[in-house]
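Enquirer:
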Amino acid sequence: MQNRCPHVLSMDELYAPTLKETPVEAELISHQLMLRAGMIRKTASGIYSYLPLGWRVIKKIEQIVREEMDAIGCQEVSLPVLQPAELWQESGRWPVYGPELMRLTDRHEREFCLGPTHEEIITALVRSELRSYKQLPLTLYQINLKFRDEMRPRFGLMRGREFIMKDAYSFGTDQAALDADYAAQEGAYRKICERMKMDYRIVDADSGEIGGSVSAEFMALAEAGESEIVYCECGFAADTEVCEQESCPQCGAPLQHARGIEIGQIFQLGTKYSEAMGATFQDEDGTDKPFVMGCYGIGVSRIAAALIEQKHDERGCIWPKSVAPAEVAVLALDGVGEVAETAATLAHKLAEADVEVVLDARPERPGVKFAEADLIGWPQQLIVGKRGLAAGIVEIKDRATGETHDAPLDEAVGYLVES
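First residue of the sequence shown: 5, per our numbering; consecutive thereafter.
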């Protein structure tokens with residue numbers, strides 16, 4: 005059955021080629037399920053194409069990030085991925101960054117890199133035009149592709165050579181301004197994680213190749229994590245290499261051990277880049293001073309994988325409603341006649357109520373539709389069948405709990421809108 009309403013996704017038109025078997029190269033469950041659910045496809049080692057369902061997840065994560073950045077006064081920009089070597093030479097990072105920096109030379113023998121981060125670009129952008137203390141503080145951010153020449157790309161979106169990240173950069177007059185920006189970003193990151201129902205911890209971190217004096221990582225707790233952390237219910241968390249004791253240094257309670265996936269990191273850069281690149285502003289007393297900077301990154305594509313690592317079962321993905329490719333799947337157990345017509349009507353009513361909905365009225369067996377709905381991970385399923393319609397009811401299934409219940413036909417839409 006063809007459905008042309010722009011507000012209703014239709015499974016018979018959607019490009020979502022699912023797989024019954026698990027690809028042999030996929031080690032982590034997130035990699036396996038994103039391939040099987042028709043969300044991503046491998047282009048080359050560590051490089052993936054996003055199919056419509058996967059891209060919908062990515063765009064919803066981006067939107068949550070964007071809303072929380074905008075809420076604290078950040079302004080969105082778009083910076084070039086291709087970066088001239090001269091800027092990296094100014095900062096001093098060109099010779100020391102290491103082999104993970106993807107370098108290339110153009111036809112005129114000029115050197116460039118594909119940016120893994122944008123401290124140099126953003127500092128060069130503002131240094132000639134952000135001139136007065138009256139223009140500060142300022143935080144600019146982007147959501148963009150990043151590149152890293154991984155020696156062993158693996159685990160799907162978890163460790164690729166090309167990935168999507170939000171990176172923000174703050175410019176202030178002094179340490180107090182930086183402390184305020186840093187705290188605002190930490191608060192925004194907390195809200196981002198909470199809106200996606202993510203189980204996470206914040207741990208003190210090494211600034212690494214980014215530099216700076218203070219840094220913290222946001223870790224999504226999952227067995228697939230490459231980092232081992234200890235944490236306490238009082239809020240303390242640390243890498244096991246930093247904290248080797250068994251009791252919490254804050255409250256004395258026994259520490260719990262877990263593995264974590266790094267999904268974000270925030271840094272206090274200070275004047276590392278502004279001094280090296282001559283980026284100054286005129287202070288209130290008329291003197292030129294270097295910007296006091298911070299940078300703040302969160303991995304959009306990695307979050308998608310981390311959420312699956314946290315939320316899945318033997319049948320497939322269990323997406324939280326906030327980032328699911330659609331909120332409700334209407335399953336017509338018969339692809340023609342009254343069942344299909346009723347399913348289409350219900351789908352349109354849900355769409356009119358601003359519910360993101362997908363309609364599955366394909367001429368497939370019910371078992372195929374049930375299996376694919378669970379594999380993809382629609383948060384709610386509204387199931388329409390002949391027997392139920394004869395009794396004036398439909399079935400509603402919650403993907404996270406697996407619980408089902410019958411609802412009167414004329415109450416089903418209202419229930420799903422409210423849930």
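Using N, Cα and C, we set each Cβ at its ideal position, and we do this for glycine too.
1. Report the residue ranges of all alpha helix (DSSP H) runs contained in full by the region 320-384; include only those spanning at least 4 residues, in chain order.
2. Mapping the DSSP letters down to three states, classify residue 251 as helix, strand or coil.
3. So if DSSP puts residue 314 in a beta bridge, which residue, or which two residues, is it bridged to?
4. Tell me which same chain residues have a C-beta within less than 8 Å of the C-beta of residue 253, skipping the five on either side of it?
5. Can you give me the C-alpha to C-alpha distance between residue 173 and residue 365, rounded to a whole angstrom?
6. Do the CB positions of residue 176 and residue 144 come within less than 9 Å of each other?
7. Do you know how far the Cα of residue 120 is from the Cα of residue 151?
8. Tell me, please, which residues DSSP counts as bridged to residue 96.
9. Where residue 87 and residue 115 are concerned, what is the direct C-alpha to C-alpha distance, given to the nearest angstrom?
10. With H, G and I counted as helix, E and B as strand and the rest as coil, what does DSSP make of residue 394?
11. Could you pull the DSSP bridge partners for residue 158 from this structure?
12. Give me the Cβ distance between residue 425 and residue 278, rounded to the nearest whole Å; I'm assuming they're in contact under 8 Å.
13. Taking the straight line between their C-alpha atoms, what separation do you get for residue 414 and residue 349?
14. Helix, strand or coil: which one does DSSP assign to residue 90?
15. State the CB to CB distance for the pair residue 262 and residue 235, rounded to an integer number of angstroms; the pair is presumed to be in contact (CB under 8 Å).
16. Rounded to the nearest angstrom, what separates residue 274 and residue 81 at their Cα positions?
17. Along the chain, where does the alpha helix (DSSP H) that runs through residue 51 open and close?
18. Please list the terminal residues of the continuous alpha helix (DSSP H) segment that includes residue 35.
19. Roughly how many angstroms lie between the CA atoms of residue 107 and residue 63, to the nearest whole one?
20. Determine the DSSP secondary structure at residue 235, reduced to helix, strand or coil.
21. Check whether the region 63-78 and the region 320-337 touch, using three or more Cβ-Cβ pairs below 8 Å as the test.
22. I'd like the span of the alpha helix (DSSP H) that includes residue 127, first residue to last.
23. Terminal residues of the continuous alpha helix (DSSP H) containing residue 101?
24. In the DSSP output, what is residue 294 paired with across the bridge?
25. Using CA atoms only, rank isn't needed, just tell me which of 171, 191, 135 and 111 is closest to residue 75.
26. According to DSSP, is residue 73 helix, strand or coil?
27. Hey, is the region 26-34 in contact with the region 152-166, meaning 3+ C-beta pairs nearer than 8 Å?
28. Do the region 369-383 and the region 333-340 make contact, defined as three or more Cβ pairs closer than 8 Å?
Expert: Result, derived from the coordinates:
1. 341-356 and 370-380
2. Looking at residue 251 - three-state DSSP - the assignment turns out to be strand.
3. Here residue 314 is not bridged, per DSSP, to any residue.
4. 240 and 247
5. 47 Å
6. no
7. The alpha-carbon atoms of residue 151 and residue 120 are separated by roughly 5 Å.
8. Beta-bridge pairing links residue 96 to no other residue.
9. One alpha carbon belongs to residue 87, the other to residue 115, and they sit about 9 Å apart.
10. Here residue 394 sits in helix by DSSP.
11. 163
12. Here the chain covers residues 5 to 423 and nothing more, so residue 425 does not appear.
13. 11 Å
14. helix
15. 7 Å
16. 22 Å
17. Segment 51-54 is the beta strand (DSSP E) holding residue 51; no alpha helix (DSSP H) there.
18. 33-40
19. 29 Å
20. Strand, per DSSP.
21. Flag = yes, the region 63-78 and the region 320-337 touch.
22. 123-131
23. Bounds of any alpha helix (DSSP H) do not take in residue 101, whose DSSP letter is neither H nor E.
24. Paired residue(s): 284.
25. 191
26. helix
27. yes
28. yes
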